[in-house]
Every structure is written in C-alpha cells, then in structure tokens.
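Inspection log for the structure reproduced underneath, given as structure tokens.
Residue numbers (my numbering): 2 to 91.
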C-alpha cells in the first residue's frame, strides 16, 4: 500500500470529499430503496384487489380489472393498427 505524504489540510480535504461522496451515494441508495418499496406496496395492493374480485368479493378490484382490460384492448388495437400499416407498406 503506497504511503502518501500530503499536507494536513489536503488530507483533510480529501477525506471530507470522500465522506461527501459516500453520503450522496447513501442518500441515492436510500431513495431507490424507498421508491422500490412504494412500487412493491402499490403492486401488492393492486394484486390483492384483483384476487379479492376474482374470489367473488367486491370493491376496487373490479375497477382495477376493468381498467386492465381497457388498457389491454387499447394496446391490442394499436398493435393491430401498426400491423395493418406495415402490411400496406410491404
């Protein structure tokens, strides 16, 4: 391991800079973990609502399923439209 001989202030500045970088990395990692946790909680609530509806319950699950079906229908119609345009070009 090399031994560096810096003036004391330079060594302190380097250490402070490293600590600031570490703090920024830690804060960024904590934000990522928080965001991921929120995503998982939203997904869990959505899946619970869907399962509740599928088991014969009532509540927001039916709305979620209808929304999912509407979104799937929109995606499929867009894909069909693109395929038709592609066929016209060929």
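No residue lacks a Cβ here, since even glycine has one placed at the ideal position from N, Cα and C.
- Residue 57 carries a coil assignment under DSSP once its states are collapsed to helix, strand and coil.
- Contact check between the region 65-82 and the region 35-55: three or more CB pairs, one atom from each, fall below 8 Å, which counts as touching.
- Put simply, the backbone Cα of residue 35 is about 33 Å away from that of residue 13.
- If you draw a straight line from the Cα of residue 78 to the Cα of residue 24, it comes to about 48 Å.
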